[in-house]
Structure formats: structure tokens, C-alpha cells
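Structure first, commentary second.
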Amino acid sequence: MSHFQLFLLLAGTHFLALLSPGPDFFLVLRTSTRFGSRAGVLTSAGIALANALYVVCALSGVALMQRVPLLLEAIRWLGCGYLAWLGWRILRSSNSAPLYEGVTALPPPGGSVFMAGLLSGLLNPKNALFYFSLLSVATPRDTPLAWRLLYGVWMVSVVFGWDALLALGVGNSTMRRCLLRQLALVEKVLGCVFLVIAGGMLATGVAGK
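Taken in order, the sequence shown gives residues 8 to 216; the numbers are from our numbering.
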């Protein structure tokens, strides 16, 4: 298989995985609804940076996930805790969410949404396993560094582009106005989604022991 064919295979696998909604998707959805497109794009940038950090680790050959299983376990538990806390916090905010008439009622929180995206990406064990599997295991050892870098840059760019597109779509004035009218319901649903994902991650980890 040529390097270009491998690139197409990895890019296709990565994009199909990206289409499956996960914590990052729902975080961007919620942030864009509550705070607008700019905040959603900042969250997307944090998620992309987290993906980039995992790509760098995978490309550098630091296969800690294989050598130190407890590291992945720690990420799993931290991820469960973070998602459960995030879900609980969203549910709390939904109880007092007013009905907004305009689309500029809430100012974007800036760096806080970027950090939320970064933590969401870093504390998702699926991200760690995915990049280490694709770039350290599935990629032949004789693959030139330039091609490995291309794989990584492409994946991080697609992650940011996909999430930013979601943020821009949800955060536009018309869509956001509709969602803000049902903000309490939207946040209740998203809060429950985060709790369900956290519970699923926890159950998977316990069942795997």
C-alpha cells in the first residue's frame, strides 16, 4: 500500500469516527446555543488542541498507553468525573435558564469555553486510543516523518473544521433564536446526555476488568 493510499484510508476512518456524536460534539452544541458562534468556535479550538497533543504524542512514539495501562485508566476515571460534573452543572443551569428574546443576551465567556473544549478532548479516552492506534500501531514503522505529520495535521484540521462548522451553524442568529426559546429543555437534554456518556464510560471500564 502506498503512502497516499494509507493516507486516504486513515483519513476516511478518522472522518467516519468524527461523524459519531460524542462529548465534544455535544459540548460544542451546548456552548454555541448558549453563547453563540464565537464561543463555539473557541470551544472547537480547545478540542482541536487536545487532539493535536495526542497526535504529537503518537507521532513521537511515546506509547505510554501500552506501557502504562494505569494511565489510560486514570484518563477514563477523570473523563467520567468531568463529564458527570459537566452534565450536573448544565442541569443546574437549565433550572434557571430564562427565555431569551434576543440572540445577544449572554456574552461569550472567552477563555473558559476554550478550556472546556481542551479538557473535553484530553479527558476522552477514546481520543487517546484512537490516535495511538492509527498513528503508532496501524501506521508502518518505515512511514516517513513527513507523511506522519501530514496524517496528524490533516486529522486535527478536520476536527477543528467540523466542530467549527457545527458552531457556526448552531450559533447563527436564526437557529440560535429558535434554540434559545427552548434553552431550558435543550440544556436538560444535553445535561442528561453528558451523564449517560459518563455512565457508559464508567460501565465499560468496570466491565473490562
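Note that CB positions come from ideal geometry on N, CA and C, so glycine has one too.
All values reported here derive from a predicted model rather than from experimental measurement.
In the structure shown, the three-state DSSP call for T50 is helix. Per the C-alpha coordinates, the member of A91, F22, L125 positioned closest to A59 is L125. The residue among L98, R41, K195, K133 with its C-alpha nearest the C-alpha of G207 is K133.
In the pairwise beta carbon analysis, the stretch 83–93 is classified as not touching the stretch 14–24: fewer than three pairs are separated by under 8 Å.
Distance check between V200 and each of G176, F33, L56 places F33 closest, using alpha-carbon atoms only. One alpha carbon belongs to V203, the other to P30, and they sit about 10 Å apart. In the three-state DSSP reduction, R148 falls in the coil class, being neither helix nor strand. Setting aside the 5 residues that flank it on each side, L175 is surrounded in the same chain by S44, each with a C-beta closer than 6 Å to its C-beta; the list follows chain order. Secondary structure of S164 (DSSP, three-state): helix.
The beta carbon of L98 lies closer than 6 Å to those of G198 in the same chain, with the five residues before and after it left out. By the Cβ-count criterion, T181 is exposed, with fewer than 16 other Cβ atoms from all chains shown falling within 10 Å of its own Cβ. 9 Å or more divides the Cβ of S51 from the Cβ of D149. Taking 9 Å as the cut-off, the Cβ atoms of Y61 and G128 count as close. In the structure shown, S9 falls within a coil segment according to DSSP collapsed to helix, strand and coil. Going by DSSP, G128 is part of the alpha helix (DSSP H) stretching over 118–129.
Counted as a single uninterrupted DSSP element, the alpha helix (DSSP H) harbouring L34 occupies residues 30–42. In the three-state scheme derived from DSSP, where H, G and I count as helix and E and B as strand, N179 is classed as coil. Relative to G118, the option among V196, L17, R41, A46 whose CA is nearest is A46. Boundaries of the alpha helix (DSSP H) harbouring L136: 132–139, taken from the DSSP string. Pairing A18 with M162 gives a Cβ-Cβ distance under 9 Å.
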